Amino acid sequence: QQQVKQSPQSLIVQKGGISIINCAYENTAFDYFPWYQQFPGKGPALLIAIRPDVSEKKEGRFTISFNKSAKQFSLHIMDSQPGDSATYFCAAYASGAGSYQLTFGKGTKLSVIP
Amino acid sequence: DSGVTQTPKHLITATGQRVTLRCSPRSGDLSVYWYQQSLDQGLQFLIQYYNGEERAKGNILERFSAQQFPDLHSELNLSSLELGDSALYFCASSAVAPNNSPLHFGNGTRLTVT
């Protein structure tokens, strides 16, 4: 059972453009939503995270938008650069679940072309 | 460098064999997680240990087992290997819970079953 649905599977964006990746979840117990970035040959690394008490969080060119009622959240990469080319995973976590399990989306492969 | 060390980096073995993957968490991290990454399934949570005790189980097959030792390193044992077990296996560690301290991933072990 996939609890976090991520789209699109792949994305091609021109340099300087905006990259948008969307995720939707079903479990209303989720209360922490991180995004991870993975480069080829490396493990995923935490990029940015949000909690449901805020609707938006910005760190540099990266912004998470969160819609609690729709159970959706998205990652926006402004002024996308070739160095942003990587696979991005959204994830969700339920702090009251009794375990420390992060549930990941299936990933979005982003290619930023010059 | 995440501080999480996984060995070996690559492993090629035959069907029916048994292998052991090793993970050393970041200094001070008590939680260790194992994830399987395949092209079509994304990051699948296998199992989590906290300070030597199993804390959560995900989609881990009965042929797979893991443990965390007193020095906090962890091993993932995969037995009776099948072609479908070929994947990247990631270990991650965190200080406590993922919503209070991020997961730090190693660079993975690529397992190829022939």
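Same order as they appear, the protein sequences are chains A and B. For what it's worth, my numbering labels the leading residue of the first sequence as 1, then goes sequentially. For what it's worth, my numbering labels the leading residue of the second sequence as 1001, then goes sequentially. Beta carbons: idealized from backbone N, C-alpha and C, even for Gly. Here the structure is a predicted model, which means the values were calculated and not measured.
Nearest to residue 34 of chain A by C-alpha distance, out of A/24, A/70 and A/83, is A/24. Counting along the chain, the unbroken beta strand (DSSP E) around residue 34 of chain A starts and ends at 33–38. For the pair residue 1052 of chain B and residue 101 of chain A, the CB atoms are not nearer than the 8 Å cut-off. Nearest CB-CB separation between residue 1090 of chain B and chain A: below the 8 Å threshold. Residue 66 of chain A has a beta carbon lying at 8 Å or more from every beta carbon in chain B. Taken in chain order, the members of the region 39–64 of chain A whose beta-carbon sits within less than 9 Å of a beta-carbon on chain B are 41, 42, 43, 44, 45, 46, 49 and 51.
The closest CA to that of residue 1080 of chain B, considering only B/1047, B/1114 and B/1045, is found on B/1114. Beta-bridge pairing by DSSP links residue 46 of chain A to A/36. With respect to chain B, the C-beta atom of residue 101 of chain A has a partner C-beta closer than 8 Å.
With respect to the 8 Å criterion, residue 73 of chain A and residue 62 of chain A are not classified as neighbours on the basis of their beta carbons. DSSP places residue 1084 of chain B in the helix class (H, G or I) of the three-state scheme.
Within chain B, no C-beta atom comes less than 8 Å from the C-beta of residue 5 of chain A; the nearest is roughly 11 Å away. According to the DSSP assignment, residue 76 of chain A belongs to the beta strand (DSSP E) that extends over 72–77. Within its own chain, the residues whose Cβ lies closer than 7 Å to the Cβ of residue 1086 of chain B, once the five positions on either side in sequence are excluded, are 1111, 1112 and 1113, listed in chain order. Under a 10 Å Cβ-count criterion, residue 6 of chain A is classified as buried, with 16 or more other Cβ atoms of the shown protein chains found around its own Cβ. At a Cβ-Cβ threshold of 8 Å, residue 16 of chain A and residue 85 of chain A do not count as neighbours.
Of the residues B/1090, B/1030 and B/1082, the one whose Cα lies closest to the Cα of residue 1017 of chain B is B/1082. Separation of residue 1107 of chain B and residue 1004 of chain B (C-alpha to C-alpha, rounded to the nearest whole angstrom) is 8 Å. In the structure shown, residue 105 of chain A adopts coil according to DSSP, grouped into three states. The beta-carbon of residue 106 of chain A is placed less than 8 Å from the nearest beta-carbon of chain B.
Secondary structure at residue 1052 of chain B: coil, using DSSP grouped into helix, strand and coil.
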